[in-house]
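Below you'll find the structure, written out as structure tokens, and then a few comments.
Residue numbers (our numbering): 1008 to 1222.
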């Protein structure tokens, strides 16, 4: 599995309108990863997932989080399905109570096919910004990420474009959230505000749509 870093969108979530997931022109393929040398591109495709997320972290519930996740998948020479992560982008979201934002970021692992070391895992971290927190304050890190395993709930809707757009809901209610990291002397304020570390009651819900293009 190959991972590719990406720079997340910088504008506040409230400053831009989320793309229309039913419109094929909303899907941006600029983060599609290059295929490794020697891979036959036949049968490989780049998928773009647009999601509006809601996440409960400890005692805080954050809603209306726009996300765009990109990855490639296709046949490997041994007949198994390969996958290459392209990028995860999101925008800062205000934390209820003011003077603090969080931004969802990729934390080093994604298995969207279900055949990796941690099947179905998507590891996340939240960048936290606020007065006195500095530039390195996060909830979750690459070394100790928020390990989510969201599964489809409910029905899947197909929009008959070419290629089709699939819409569905993903949810995980079983992940844990570590204490904050890199927040300096005000770390206790972050942990107290979110109720961290949090072993139960954490929820990730993603209203998701995706489509693809072939390589």
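Ideal Cβ placement from N, Cα and C applies to all residues, glycine included.
Spatial distance of residue 1212 from residue 1177 (CA atoms)
Your numbering for residue 1212 matches position 205 in the chain shown. Your numbering for residue 1177 matches position 170 in the chain shown. Whole-angstrom Cα-Cα distance: 6 angstroms.
Measure the alpha-carbon distance for residue 1022 versus residue 1045 and round it to whole angstroms.
As a working note, residue 1022 is residue 15 in the chain shown. As a working note, residue 1045 is residue 38 in the chain shown. For residue 1022, the pLDDT reaches just 39, beneath the cut-off of 50, and the residue's location in the model is therefore unreliable, leaving the point undetermined.
If you reduce the DSSP assignment to three classes, tell me which class residue 1197 lands in.
Translated into the one-based positions of the chain shown, residue 1197 becomes position 190. In the structure shown, residue 1197 falls within a helical segment according to DSSP collapsed to helix, strand and coil.
On the criterion of 16 or more Cβ atoms from any shown chain inside 10 Å, does residue 1130 qualify as buried, or is it exposed?
For the purposes of this step, residue 1130 is taken as the residue at position 123 of the chain shown. Classification for residue 1130: buried.
In chain order, each beta strand (DSSP E) run of at least 3 residues that lies wholly inside the stretch 1060-1126:
Runs found: 1067-1082, 1088-1097 and 1108-1117.
Spell out whether any CB of chain D is found under 9 angstroms from the CB atom of residue 1209.
As a matter of chain content, chain D is missing from the structure shown, which is built from one protein chain.
Compare the Cα-Cα distances from residue 1097 to each of 1154, 1121, 1108 and 1043 and report the closest residue.
Here residue 1097 refers to the residue found at position 90 when the chain shown is read from its first residue. Nearest in C-alpha terms to residue 1097, of all of 1154, 1121, 1108 and 1043, is 1108.
So, are the CB atoms of residue 1133 and residue 1110 less than 9 angstroms apart?
Within the chain shown, the letter at position 126 stands for residue 1133. Within the chain shown, the letter at position 103 stands for residue 1110. Contact: yes.
Kindly give me the distance between the Cβ atoms of residue 1064 and residue 1115, rounded to whole angstroms, as I take these residues to be in contact under 8 angstroms.
Residue 1064 sits at position 57 when you count from the first residue of the chain shown. Residue 1115 sits at position 108 when you count from the first residue of the chain shown. A Cβ-Cβ distance of about 19 angstroms is found for the pair residue 1064 and residue 1115, leaving them out of contact under the 8 angstroms criterion.
If we ignore side chains and look at the alpha-carbon of each, how far apart do residue 1122 and residue 1042 end up?
As a first step, residue 1122 must be located in the chain shown, where it is residue number 115. As a first step, residue 1042 must be located in the chain shown, where it is residue number 35. C-alpha separation (whole angstroms): 19 angstroms.
Tell me the start and end of each unbroken beta strand (DSSP E) in the stretch 1137-1175 that is at least 3 residues and wholly inside, in chain order.
Segments of the beta strand (DSSP E) lying fully in the stretch 1137-1175: 1153-1155 and 1158-1166.
Where residue 1033 falls: helix, strand or coil (DSSP)
By 1-based counting over the chain shown, the position of residue 1033 is 26. Of the three classes helix, strand and coil, the one that applies to residue 1033 here is helix, per DSSP.
Tell me, which residues are paired with residue 1053 by DSSP?
By one-based count along the chain shown, residue 1053 stands at place 46. Beta-bridge pairing links residue 1053 to 1079 and 1220.
Quick check: the Cα distance between residue 1207 and residue 1190, rounded to an integer number of angstroms?
Residue numbering aside, residue 1207 sits at position 200 when the chain shown is read from its first letter. Residue numbering aside, residue 1190 sits at position 183 when the chain shown is read from its first letter. The C-alpha of residue 1190 is placed about 23 angstroms away from the C-alpha of residue 1207.
Supposed close pair residue 1172, residue 1026 - CB separation, criterion 8 angstroms:
Position 165 of the chain shown, counted from the start, is the residue given in the question as residue 1172. Position 19 of the chain shown, counted from the start, is the residue given in the question as residue 1026. Not really, about 12 angstroms apart at Cβ, beyond 8 angstroms.
Residues of its chain near residue 1052, where Cβ-Cβ distance is below 8 angstroms and the 5 sequence neighbours each way are ignored
Residue numbering aside, residue 1052 sits at position 45 when the chain shown is read from its first letter. Counting only Cβ-Cβ distances below 8 angstroms, and skipping sequence neighbours, we find 1079, 1080, 1081, 1219, 1220, 1221 and 1222.
Please report how far the alpha carbon of residue 1073 lies from the alpha carbon of residue 1137, in whole angstroms.
On the chain shown, position 66 is the one that residue 1073 refers to. On the chain shown, position 130 is the one that residue 1137 refers to. One C-alpha to the other measures close to 20 angstroms.
Could you tell me which residues DSSP puts in a beta bridge with residue 1223?
Here the chain has residues from 1008 to 1222 only, and residue 1223 is not among them.
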